[in-house]
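The listed protein sequences correspond, in order, to chains A and B. FYI, the numbering for the first sequence is 1 to 678, going by our numbering. FYI, the numbering for the second sequence is 679 to 901, going by our numbering. Ideal placement from N, C-alpha and C gives every residue a C-beta, glycine not left out. Predicted model only: the values in this text are computed from it and were never measured. All remarks here apply to the structure that follows.
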Amino acid sequence: MPEAQRGAGATPDPITNTVDLGFDGYATPVPPVAGWIRAVVMLGWMALLASIWLIFTFPDWSDAQVKASEGMVLRDAQWSSHAGDANEQWVTLPHRTSPLNTPTISRYRLAFVLAQPLPTEQRLGLCVAHWALSADVWLDGQRLASALHGFNALLEWNRPHYLALPPALGAGSHLLEFRLQPAPRGIDSMLSALWLGDDRMLRPGCEALTARQREQPATLRGALIATGLLALTIGWRLRDPVSLWFSALAGVWTLQHLSVHLAAFWGLGQLEVASVPRGFILGVQLLRFGFVLPLAVFCLRYLGLRRPRLERFMWIFSGIAALLLFVLPLSLHWVWWVGVGIAAGLLLLSLLLPLARHAWRHGSLSGDILLLSMLFLEASNLVDLLRPWIWMPDIPAGLAQVAVPMIIGMFGLLLAERLWLLYRRQQDAAASLGAEVARQREQLQQNFALLRQQRDAEVEADERLRITRELHDGLGSHLVAAASLLASAHPAPGERAALATLVDQSLQELRNALDAIASETTDVAELLGALRDRLEPVLAARGIELAWDVAPLPGTRHFGVAERLDVLRIVQEVFANILKHAGRCRVRLQAQPTPAGGSLITITDDGRGLAAAPKEGVGLPSMRERAQRLGAGLAIGPAERGGCRVTLSLPAPAQAPTSTPGVDRRKSPRSWLARAGK
Amino acid sequence: MPFDLSPLALPADAWTLLIEDDPHFGAWVADLLTKDGRGGSVRVVRTLQAARAAFAAGPPMLAVIDLNLPDGSGVVAIRELAAITPVATILVLTAIDDPQIALSAIRAGAHGYVVKNASAAAFLQTIGDLLQGGSPITASVARLLLRELHAPTAVGSGALPQVEALSERETEVLRLLTRGYRNKEIAREFDLSPHTVNAHVRSIYQKLSVNSRSELRKLIGDA
Chain A
1 MPEAQRGAGA TPDPITNTVD LGFDGYATPV PPVAGWIRAV VMLGWMALLA SIWLIFTFPD
61 WSDAQVKASE GMVLRDAQWS SHAGDANEQW VTLPHRTSPL NTPTISRYRL AFVLAQPLPT
121 EQRLGLCVAH WALSADVWLD GQRLASALHG FNALLEWNRP HYLALPPALG AGSHLLEFRL
181 QPAPRGIDSM LSALWLGDDR MLRPGCEALT ARQREQPATL RGALIATGLL ALTIGWRLRD
241 PVSLWFSALA GVWTLQHLSV HLAAFWGLGQ LEVASVPRGF ILGVQLLRFG FVLPLAVFCL
301 RYLGLRRPRL ERFMWIFSGI AALLLFVLPL SLHWVWWVGV GIAAGLLLLS LLLPLARHAW
361 RHGSLSGDIL LLSMLFLEAS NLVDLLRPWI WMPDIPAGLA QVAVPMIIGM FGLLLAERLW
421 LLYRRQQDAA ASLGAEVARQ REQLQQNFAL LRQQRDAEVE ADERLRITRE LHDGLGSHLV
481 AAASLLASAH PAPGERAALA TLVDQSLQEL RNALDAIASE TTDVAELLGA LRDRLEPVLA
541 ARGIELAWDV APLPGTRHFG VAERLDVLRI VQEVFANILK HAGRCRVRLQ AQPTPAGGSL
601 ITITDDGRGL AAAPKEGVGL PSMRERAQRL GAGLAIGPAE RGGCRVTLSL PAPAQAPTST
661 PGVDRRKSPR SWLARAGK
Chain B
679 MPFDLSPLAL PADAWTLLIE DDPHFGAWVA DLLTKDGRGG SVRVVRTLQA ARAAFAAGPP
739 MLAVIDLNLP DGSGVVAIRE LAAITPVATI LVLTAIDDPQ IALSAIRAGA HGYVVKNASA
799 AAFLQTIGDL LQGGSPITAS VARLLLRELH APTAVGSGAL PQVEALSERE TEVLRLLTRG
859 YRNKEIAREF DLSPHTVNAH VRSIYQKLSV NSRSELRKLI GDA
């Protein structure tokens, strides 16, 4: 398999919070296990199987077996296919007739001889190792009352069964006769060997065997139902097809075990076997091999083949095997054996080979154990099928029944592995998710830093442009004027003073620009303070008195160099106008915080007033433009006592178009905020 | 006019040292000082070397020092002069006033600084203030002083040990100075005499100077 396909399909779904384990065989992410560990685990597993088998087979059975076999074994019988058929043959028990023949009554006659009459307190009993289906038992022409009848006999079929013979049997030869009713089509009539012995010895042993044969399936049923429900729950919650199919498998097995009991429950028990509805018989037979398909799907899902053609072949093979087993009669006819052989071969091919290949390639423990269990299951089923023929009277329990707890154990291990896998997946997913988040965060930070750098650069360039323009327009024009004055051939005496003023003004421009650039302050009050130091000598020289009233003002962290320069230039322009037009006067600069969180700067003079100023000079539009950039209000009007009043109201940081509270304007410039901050 | 001063009793040997490398500006200032006469005789030197030679003769009453000298920083001259004599009044001249440079001059022991300007009136007013015991200070320098002295740890470079912290009143004075208030206005605001405010400013200067001496190495780095 290419690496890309491996481990794909197991991504946690964050929305439904369920995990598709994607436990798909060749793509399984289970780490390979060292060979010796696998060997140890497999040996351990086999030891466990052996123990289970022994536990289910021997204890308390051996004692019963000993007791049951106290008597004599009756093996020779005279058999005829019809009642009153003179054409009798000697047969050795166990004996079975072919179901391919027309259904008839099978009659077995066994003789035994008592050397002396039994004492009245002593009784003889008969233990049938494997009870035949629906048999009548006669002794010396008398029908024994304890014979089982009808469909209920199915419950006891193939189990040890005890029959007490009438007391006070006389000496001499006695004749036992078994009349086997015709079995349903497809099932052989059969009779196993019999033990004849003392009632006190034989009865407890035989009944103990029977009880064990009843209890074992009940225990297995319980375990099967529990495991099936567990698998169903886990399969449902984790959306795990393997578990779901295992639960289907367990369901079929359980149904098979329960089918006869269900029949008894539904009142079919008293019906003669021959008159049981054919559908029911078919159902039972279907259930008997119905596990093959869920088992095949279970294995296929476990393997998780990604090759449709191979999967299709496996489906076809196991399907044919199941069909064969279903349609074939339970008979010793060669057709049956060929059919069973083909079915077993197909199952071997379709399930066990891929499992073996998978276990070999991936070295997963669950794969090993699954393979081993399947081998055992198939082998035990085969042995069970052979049992009626080979007759193993010493082993009354079916091997397939032993295979069931083993399969349950196998699934338990598989489940543990899957849960562990799920846990690990989730851990891995959480870890990788965490790493991804960290990576994204870092990326985001990098991008953010980059973006900010770009914005900073952009705004810096913008500010540089504006400052350059300021210097060019202000300082440059003054210097040009000064140069032209110097260049004039005969400077008039008054022009020397003008020259000095021009140079001073140039210096002033330069200092203002430097103030705005170099100053670290963003406090308008401090800017005004610095401006006063610049202005006062000039004003004093013109005889203009300056009254100063600057209260602490709210911070303007959003101010950059350009904004500082704007404020300075507006105020400076007001004073330039005063110097030009107001004449000798008194000026009052007042700066107050406003209730809204902004600042109000008022400059009032009592000079010649607005009338003296030109209608709209160059200064006013420039001031308005700057105020607009600042988002500030600018009002120019007459003062109460003549003169002029200029009001500049700076907005609160939060209301300013350029601002966001708490963000350093210098690091997060306006254009950046305007685009990214919203 | 502000430089209309009450006459001082000038010692006979009082003289003023002007350290200025620009001959034109030096001549202009020397002319102003000589005409004013409050600083006694005026002697102009152009280099640090020459200034040292001049100190050796005896401390001047007033020293007007340009910070940009051909053979070093005026700050060195200030520090050396301040070390020789505590009585000399030291005025710093700067072409483009960078408050940081002004601050380092004040740390070294300057009493005031003035921006080079063509305005004779402003210059002479500063000289007058100084000689009268005032400490001319600009809003920008006040702002830096406030930062340096009031919250030394808040300023990255100003890791001054708080040898002498500002008093509450001194801090208030500095606050008003940063907003552009003049000493007289501050006096009116706090109902103090202008002399008291002057004394506060001098004290602030002195604290910076004292503090900075304990940080000599840093100061040399600044200079």
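- Proximity to Asp-136 (chain A) [Cα-Cα], best of A:Phe-178, A:Leu-114 and A:Arg-123: A:Phe-178
- With a threshold of 16 other CB atoms inside 10 Å of the CB of Lys-885 (chain B), please say whether the residue is buried or exposed. buried
- Task: Drop a sphere of 10 angstroms on the beta-carbon of Thr-831 (chain B), count the other beta-carbons inside from all chains shown, and report buried for 16 or more, exposed for fewer.
- Result: Here the model assigns Thr-831 (chain B) a pLDDT of 44, short of 50, so the residue's position is not dependable and the matter cannot be decided.
- Leaving aside the five residues before and after Gly-543 (chain A) along the sequence, list all residues of the same chain whose C-beta is less than 8 angstroms from its C-beta, in chain order. Arg-584
- Using a threshold of 8 angstroms, state whether the C-beta atoms of Phe-289 (chain A) and Leu-262 (chain A) are closer than that. no
- Let me know if Phe-23 (chain A) comes out buried or exposed under the rule of 16 or more other beta-carbons within 10 Å of its beta-carbon. For Phe-23 (chain A), the predicted structure reports a pLDDT of 45, less than 50, and the residue's modelled location is therefore unreliable. The matter cannot be settled from this model.
- Every unbroken beta strand (DSSP E) inside the segment 612 to 652 of chain A [3 residues or more]: 633 to 638 and 644 to 650
- What residues of chain B sit near Val-587 (chain A), judged by a beta carbon separation below 9 angstroms? In chain order: nothing, as chain B lies at least about 13 angstroms away.
- Kindly indicate which three-state DSSP category Leu-422 (chain A) falls into: helix, strand or coil? helix
- Message: Our contact map puts Gly-529 (chain A) next to Arg-857 (chain B) with C-beta atoms below 8 angstroms; I'd like the distance itself, whole angstroms only.
- Response: 5 angstroms
- Cross-chain neighbours of Val-550 (chain A) in chain B, by beta carbon under 7 angstroms: Arg-857 and Gly-858
- Could you name the residues of the segment 807 to 824 of chain B whose beta carbon sits closer than 8 angstroms to any beta carbon of chain A, in the order they occur along the chain? Thr-816, Ala-817, Ser-818, Ala-820 and Arg-821
- Query: Would you say Glu-526 (chain A) faces chain B, with C-beta separation under 8 angstroms as the test?
  - Reply: yes
- Query: How about Ile-697 (chain B) and Asp-744 (chain B): do their beta carbons lie closer than 8 angstroms?
  - Reply: yes
- How about Ala-799 (chain B): is its C-beta nearer than 8 angstroms to some C-beta of chain A? yes
- Hey, does Glu-758 (chain B) have any beta-carbon neighbour from chain A nearer than 8 angstroms? no
- Query: Beta carbon of Ile-768 (chain B), beta carbon of Leu-759 (chain B): below 8 angstroms?
  - Reply: yes
- Is the shortest distance between the beta-carbon of Ile-882 (chain B) and the beta-carbons of chain A less than 8 angstroms? no
- Take Thr-647 (chain A) and list the residues in its own chain whose beta-carbon comes closer than 6 angstroms to its own, dropping the five residues that flank it on each side. Thr-602 and Ala-635
- Message: If we require 3 or more residues per run, which beta strand (DSSP E) segments fall completely within the segment 501 to 568 of chain A?
- Response: 545 to 550
- Query: In chain order, what residues of the same chain have a beta carbon less than 8 angstroms from the beta carbon of Thr-694 (chain B), not counting five sequence neighbours either side?
  - Reply: Leu-711, Gly-717, Gly-718, Ser-719, Val-720, Arg-721, Pro-738, Met-739, Leu-740, Ala-741 and Val-742
- Got a sec: is the Cβ-Cβ distance from Ala-596 (chain A) to anything in chain B below 8 angstroms? no
- Query: If we cut at 8 angstroms on Cβ distances, does Ala-513 (chain A) have a partner in chain B?
  - Reply: no
- Outcome for Trp-131 (chain A) when other beta-carbon atoms lying within 10 angstroms are tallied against a minimum of 16: buried
- Check whether the Cβ atoms of Asp-140 (chain A) and Leu-180 (chain A) sit closer than 8 angstroms, and answer yes or no. no
- Task: Can you tell me which of the three DSSP states Arg-357 (chain A) falls into?
- Result: helix
- Between the beta-carbon of Ile-234 (chain A) and the beta-carbon of Leu-415 (chain A), is there less than 8 angstroms? yes
- Any contact of the segment 560 to 580 of chain A with the segment 479 to 487 of chain A, i.e. 3+ C-beta pairs under 8 angstroms? no
- Query: Are the C-beta of Glu-863 (chain B) and some C-beta of chain A separated by less than 8 angstroms?
  - Reply: yes
- Item | Nearest candidate by alpha-carbon position, reference Ala-171 (chain A), set A:Ser-259, A:Ala-497, A:Cys-127 and A:Pro-119 | A:Pro-119
- By a C-beta neighbour count over all protein chains shown, 10 Å radius and 16 as the cutoff for buried, is Leu-433 (chain A) buried or exposed? exposed
- Given that a residue counts as buried once 16 or more other Cβ atoms are within 10 Å of its Cβ, and exposed if not, what is Asn-87 (chain A)? exposed
- Beta-carbon contacts of Ile-407 (chain A) that lie in its chain and below 7 angstroms, excluding the five residues immediately before and after: Ser-373 and Leu-377
- Query: If the cut is a Cβ gap below 7 angstroms, which residues of chain B does Gly-529 (chain A) touch?
  - Reply: Ala-817, Thr-856, Arg-857 and Gly-858
- Collapsed DSSP secondary structure at Ile-408 (chain A) in the structure displayed: helix
- Determine, using beta carbons only, whether Gly-7 (chain A) comes closer than 8 angstroms to chain B. The predicted position of Gly-7 (chain A) is uncertain, since its pLDDT is 39 and thus under 50; no value can be drawn from it.
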